[in-house]
Amino acid sequence: MSEVEFERLLSAVSDVLAPRIEEAVRNAQPQADKMRSDGLPQAANDNEVAWPFLPFPEGWNGAC
Numbered sequence: 001m002s003e004v005e006f007e008r009l010l011s012a013v014s015d016v017l018a019p020r021i022e023e024a025v026r027n028a029q030p031q032a033d034k035m036r037s038d039g040l041p042q043a044a045n046d047n048e049v050a051w052p053f054l055p056f057p058e059g060w061n062g063a064c
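Residue numbers in the sequence shown follow full-length UniProt numbering, run continuously in steps of one, and reach 64 at the last position.
This is the structure we're talking about:
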């Protein structure tokens with residue numbers, strides 16, 4: 001399969017799947033049992049305990 005044929009195949013698959021994915025996203029409803037009292041979704045790792053501050057060792061730094 002040449003690169004051109006592969007790109008055509010990817011384009012055809014994308015054309016078929018994109019509307020279905022968009023429809024699924026539009027129809028998705030958050031589950032009521034996964035919601036916090038303030039209406040926001042609850043994180044999967046939320047154990048309602050504040051995580052401790054762990055400083056970097058001397059001379060280290062971090063950036064996002």
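Virtual Cβ for every residue (Gly too), placed ideally from N, Cα, C.
N-terminal and C-terminal residue of the alpha helix (DSSP H) that residue i is part of
i	result
residue 15	3-27
Short Cβ contact (8 Å threshold) for residue i with residue j
i	j	result
residue 65	residue 53	Since the first residue of the chain shown is 1 and the last is 64, residue 65 is not available in this structure.
Neighbourhood of residue i by C-beta, 8 Å cutoff - its chain only, sequence neighbours within 5 removed
i	result
residue 13	none
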